[in-house]
Amino acid sequence: MEQTEAFRVLASADRQLVLHELLEHDGAADIDDISRQVAARRHRLSSGKIDDGMIERAHVRLVHAHFPHLQARNLIDIDWDDEAVALTDDECVDQLLEAADELDSWPPTDLLEQPSRSR
13 MEQTEAFRVL
23 ASADRQLVLH
33 ELLEHDGAAD
43 IDDISRQVAA
53 RRHRLSSGKI
63 DDGMIERAHV
73 RLVHAHFPHL
83 QARNLIDIDW
93 DDEAVALTDD
103 ECVDQLLEAA
113 DELDSWPPTD
123 LLEQPSRSR
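With the numbering used here as the guide, the letters of the sequence shown map in order to residues 13 to 131.
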């Protein structure tokens with residue numbers, strides 16, 4: 013994967029969050045868990061304070077836009093029967109992560125901070 017393409021992949025906060033979640037879970041995670049975490053981070057709420065609508069919107073964005081984008085670049089595999097996503101063993105994952113290390117905002121720390129208690 014060329015660096016320019018890697019930066020295109022990383023241009024989306026949702027895709028960065030998906031990749032971060034997968035890395036945090038040893039390369040594989042449940043689609044529902046990823047959807048919940050992406051929704052929580054995007055709304056800056058604890059996962060216990062987000063509602064089903066927020067999770068569903070994140071799920072739809074991931075399944076219809078971001079997962080296909082990552083899958084087309086051979087970065088993830090999806091098992092629809094088990095509703096699980098995993099990073100591939102392809103060298104493009106390493107190339108993407110090398111490019112990510114060059115970003116000031118990787119991992120997306122502004123979205124990973126713990127939400128305030130008032131929310």
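Built from N, CA and C at the ideal position, the CB exists for glycine as well.
(1) Starting from ASP113, trace the alpha helix (DSSP H) in both directions and tell me its first and last residue.
(2) Taking C-alpha atoms, which residue in ALA98, GLU14, GLN107 lies nearest to VAL30?
(3) How is ARG129 classed by DSSP in three states: helix, strand or coil?
(4) In whole angstroms, what is the alpha-carbon distance linking GLY65 and VAL72?
(5) Quick one: using the 10 Å Cβ neighbour count with 16 as the cut-off for buried, is SER130 buried or exposed?
(6) Between which two residues does the beta strand (DSSP E) harbouring ILE90 extend?
(7) With a CB to CB cut of under 8 Å and the five nearest residues on each side skipped, what residues in its chain are close to VAL75?
(8) Give, in chain order, every unbroken run of the beta strand (DSSP E) that is at least 3 residues long and sits entirely within the stretch 29 to 96.
(9) Assign PRO120 to one of two classes, buried (16 or more other C-beta atoms within 10 Å of its C-beta) or exposed (fewer than that).
(10) Going by DSSP, which residues form a beta bridge with LEU99?
(11) Only counting the same chain, and skipping five residues up and downstream in sequence, which positions put a Cβ closer than 7 Å to that of ALA112?
Taking the structure as given:
(1) 103 to 113
(2) ALA98
(3) No answer about ARG129 holds up, because its pLDDT of 44 lies below 50 and its placement is not dependable.
(4) 11 Å
(5) Below a pLDDT of 50, predicted positions are generally treated as unreliable, and SER130, at 42, falls in that range; no measurement from the model is reported.
(6) 88 to 91
(7) ILE43
(8) 40 to 42, 88 to 91
(9) buried
(10) ILE88
(11) Counting only Cβ-Cβ distances below 7 Å, and skipping sequence neighbours, we find LEU22, TRP118.
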